[in-house]
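Engineer:
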Amino acid sequence: MVVRSGGRQIPVVVLAGFLGSGKTTLLNHLLHRSGESRIGAVVNDFGAIEIDAMAVAGALGDSTVSLGNGCLCCAVDSSELDVYLERLARPEARIDVVVIEASGLAEPQELVRMVLASEHPGIVYGGLVEVVDAAEFDDTRARHPEIDRHLALADLVVVNKVDRAPDAGRVLGLVRSLVDRAAVVPATHGRVDPEILFDCRPAEERVGQLSFDDLHRDDHDDHGKHDDHGEHAGHLHSGYDSVSFASGRPLDPRRLIRFLDSRPEGLYRIKGYVDFGPYDAGNRYAVHAVGRFLRFYPEPWPAGAERLTQLVLIGTDLDTAAFGAELEGCVSDGAPHADEQGMWGVLRYVQGAAEDPAA
4 MVVRSGGRQI
14 PVVVLAGFLG
24 SGKTTLLNHL
34 LHRSGESRIG
44 AVVNDFGAIE
54 IDAMAVAGAL
64 GDSTVSLGNG
74 CLCCAVDSSE
84 LDVYLERLAR
94 PEARIDVVVI
104 EASGLAEPQE
114 LVRMVLASEH
124 PGIVYGGLVE
134 VVDAAEFDDT
144 RARHPEIDRH
154 LALADLVVVN
164 KVDRAPDAGR
174 VLGLVRSLVD
184 RAAVVPATHG
194 RVDPEILFDC
204 RPAEERVGQL
214 SFDDLHRDDH
224 DDHGKHDDHG
234 EHAGHLHSGY
244 DSVSFASGRP
254 LDPRRLIRFL
264 DSRPEGLYRI
274 KGYVDFGPYD
284 AGNRYAVHAV
294 GRFLRFYPEP
304 WPAGAERLTQ
314 LVLIGTDLDT
324 AAFGAELEGC
334 VSDGAPHADE
344 QGMWGVLRYV
354 QGAAEDPAA
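Residue numbers (my numbering): 4 to 362.
#1: Exposed or buried, what is T191 when buried is set at 16 or more other beta-carbons lying within 10 Å of its beta-carbon?
#2: By Cβ distance below 6 Å, which residues in the same chain neighbour G107 in space, the five residues on each side in sequence not counted?
#3: So, is G25 buried or exposed, given that buried needs 16 or more other C-beta atoms within 10 angstroms?
#4: Would you please state the rounded distance, in angstroms, between the beta carbons of D183 and A155? I believe it to be under 8 Å.
#5: Which of helix, strand or coil does DSSP assign to F21?
#6: Leaving out the 5 sequence neighbours to the left and right, which residues in its chain are closer than 7 Å to R258 when beta-carbon positions are compared?
#7: Would P197 be called buried (16 or more neighbouring beta carbons within 10 Å of its own) or exposed?
#8: Can you grab the Cα-Cα spacing for the pair E329 / Q313, in whole Å?
#9: Between the stretch 139-146 and the stretch 306-322, do at least 3 Cβ pairs fall closer than 8 Å?
#10: Between V160 and V187, how many whole angstroms is the CB-CB distance? I'm expecting something under 8 Å.
#11: Counting only runs of 4+ residues fully inside the stretch 115-184, write out the alpha helix (DSSP H) ranges in chain order.
#12: According to DSSP, which residues form a beta bridge with L286?
#13: Under three-state DSSP, which class holds P253?
#14: State the DSSP-derived secondary structure class of F248, mapped to helix, strand or coil.
#15: Rounded to a whole number of angstroms, what is the C-alpha to C-alpha distance between H229 and L33?
#16: Give me whichever residues DSSP pairs with E331 in a beta bridge.
#17: Mind checking whether A109 and A19 have CB atoms under 8 Å apart?
#18: Give the range of the beta strand (DSSP E) segment to which L270 is assigned.
#19: Taking the alpha carbon of H35 as the point to measure from, which residue in F299, H153, R194 and E343 has its own alpha carbon closest?
#20: Could you tell me the alpha carbon to alpha carbon distance between P14 and D202, rounded to whole angstroms?
#21: Would DSSP call L200 helix, strand or coil?
#22: Is the beta carbon of A185 within less than 7 Å of some heavy atom of the ligand NAP?
#23: Does DSSP put L297 in a helix, a strand or coil?
#24: Using the rule of at least 16 other Cβ atoms within 10 Å of the residue's Cβ for burial, across every protein chain shown, is G130 buried or exposed?
#25: Taking only three categories from DSSP, how would you classify E104?
#26: Where do the ends of the alpha helix (DSSP H) carrying G348 lie?
#27: Can you tell me whether H340 is buried or exposed, with buried defined as 16 or more other CB within 10 angstroms of its CB?
#28: If contacts are defined as beta-carbon pairs under 8 Å, then V2 and L200 qualify, I think. What distance do you get, rounded to the angstrom?
#29: Return helix, strand or coil for G337, following the three-state DSSP convention.
#30: Taking buried to mean at least 16 other C-beta atoms within 10 Å of its own C-beta, is V16 buried or exposed?
#31: Going by beta carbon distance, what residues of the same chain come within less than 6 Å of R310, once the five residues before and after it are set aside?
#32: Hey, would you say L175 sits closer than 8 Å to V162, going by beta carbons?
#33: Taking the continuous beta strand (DSSP E) assigned at T312, which residues delimit it?
#34: G275 to G345, Cα distance in whole Å?
#35: Tell me the residue span of the beta strand (DSSP E) that contains A190.
#36: Since L321 is in the alpha helix (DSSP H), which residue starts that stretch and which ends it?
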């Protein structure tokens, strides 16, 4: 739920990883599983194009996207990235999320800096996802020692091909030791739940309302058939825990920030809206977290909207009862006035309100 004044801001997710890690497979999986969301892609430093997720899933190659009205293949260098973001963010494109699939030898830090430096009001940085090959991780690390630095920068790490690694547990432990509070997600064939990265548009658009039902809808492709195989066939959410929290009373910003700053690595995704009551009576705050990446986006309360906090948390091995209790502990004690410094912690995560630590 990422919103700008007068319309939604489009999250831009950077998808990085060395050659063969499974980035394109993961992106194609997202295309298959994104509901009716429209994904804009900047792919392998070759081309940017509007993509209707359900129409072209599986047609995405390393350098071309084949569409019904032809084929587009454009040479792109870093100086042109902002031009493509401008194109993808125009309102008539109705893009919901942009995924930048970096080339296998790209420096993800530079791509992140370029997105953060964009002055386009219609886009917002959505986090760095690093994909690694579990079966080849040791060899990749020996050939490319810079992977340690890439992992330290990541907001979420997808450890792909765990089914092919005889010691997947060791690799997962090693990756977790190299990250800086990033969430680490095991995967096979690039299959991760799109809800971990961005909000999928439901089949019937719900305006001004966060639907918890979206977390539990059936996962089918455009032909109504399941396209997953093996032990993860069927429901994508079977491998994840989710916590839904709603409160008709405002949250205390200090308490919420303490909770968010101490969130465990198994908590991959947070989304929803927060009411801070007297701390900012005119706005609700959309919250978006992917791994360690966290942003708040203030927006005016819709006319006539009920003032509620609604949050969804997604992860693995979550103590759902404890999380629910911790969130209940963030509810304000009802003080009629807000202290001046109470929102400082939240404003650290509002783009433009404070110096961005990732810039």
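Virtual Cβ for every residue (Gly too), placed ideally from N, Cα, C.
All values derive from a computational prediction rather than experimental measurement.
Structural biologist: By the coordinates alone:
#1: Per the 10 Å Cβ criterion, buried.
#2: Residues of the same chain with a CB within less than 6 Å of the CB of G107, apart from the 5 flanking positions on each side, are F21 and L22 in chain order.
#3: G25 comes out buried.
#4: The pair is a contact, with the Cβ atoms about 5 Å apart (cut-off 8 Å).
#5: F21 falls in the coil class under three-state DSSP.
#6: Within the same chain, and ignoring the five residues on either side of R258 in sequence, the residues whose Cβ sits closer than 7 Å to its Cβ are G332 and C333.
#7: P197 should be labelled buried.
#8: So the two alpha carbons sit approximately 15 Å from each other.
#9: Judged by Cβ distances under 8 Å, the stretch 139-146 makes no contact with the stretch 306-322, as fewer than three pairs qualify.
#10: With a beta-carbon spacing of about 5 Å, V160 and V187 fall inside the 8 Å limit used to define contacts.
#11: Segments of the alpha helix (DSSP H) lying fully in the stretch 115-184: 140-146, 150-156 and 171-181.
#12: Just to set this straight, residue 286 is Asn in the shown sequence, not Leu. In the DSSP assignment, N286 forms a beta bridge with P303.
#13: It is coil, neither helix nor strand.
#14: Three-state result, F248: strand.
#15: Confidence at H229 is low in this model, with a pLDDT of 35, below 50, so the placement of that residue should be treated as unreliable; the coordinate-derived value is given next. As the crow flies, the alpha-carbon of H229 is around 14 Å from that of L33.
#16: When beta bridges are read from the DSSP output, E331 appears opposite no residue.
#17: In this structure, A109 lies near A19, with their beta-carbon atoms less than 8 Å apart.
#18: Run containing L270: L270 to V277, per the beta strand (DSSP E) assignment.
#19: The shortest CA-to-CA distance from H35 to any of F299, H153, R194 and E343 is the one to R194.
#20: Put simply, the backbone Cα of P14 is about 10 Å away from that of D202.
#21: L200 falls in the coil class under three-state DSSP.
#22: Judged by which ligands are present, the structure shown has none, so any question about the ligand NAP falls away.
#23: In the displayed model, L297 falls within a strand according to three-state DSSP.
#24: Buried, since its Cβ has 16 or more Cβ neighbours within 10 Å.
#25: E104 falls in the strand class under three-state DSSP.
#26: Unbroken alpha helix (DSSP H) run through G348: W347 to L350.
#27: Around the beta carbon of H340, fewer than 16 other beta carbons sit within 10 angstroms, so the residue counts as exposed.
#28: Here the chain covers residues 4 to 362 and nothing more, so residue 2 does not appear.
#29: Reduced to three states, the DSSP call for G337 is coil.
#30: Answer is buried; the Cβ neighbour count reaches 16.
#31: Within the same chain, R310 has close Cβ partners D278.
#32: Yes, the pair counts as a contact, with Cβ atoms nearer than the cut-off.
#33: T312: member of the beta strand (DSSP E) spanning T312 to G318, first to last residue.
#34: So the alpha carbons of these two residues sit roughly 21 Å apart.
#35: That residue, A190, is in no beta strand (DSSP E); it is neither H nor E in DSSP.
#36: Boundaries for L321: no alpha helix (DSSP H) harbours it, and the DSSP string shows neither H nor E there.
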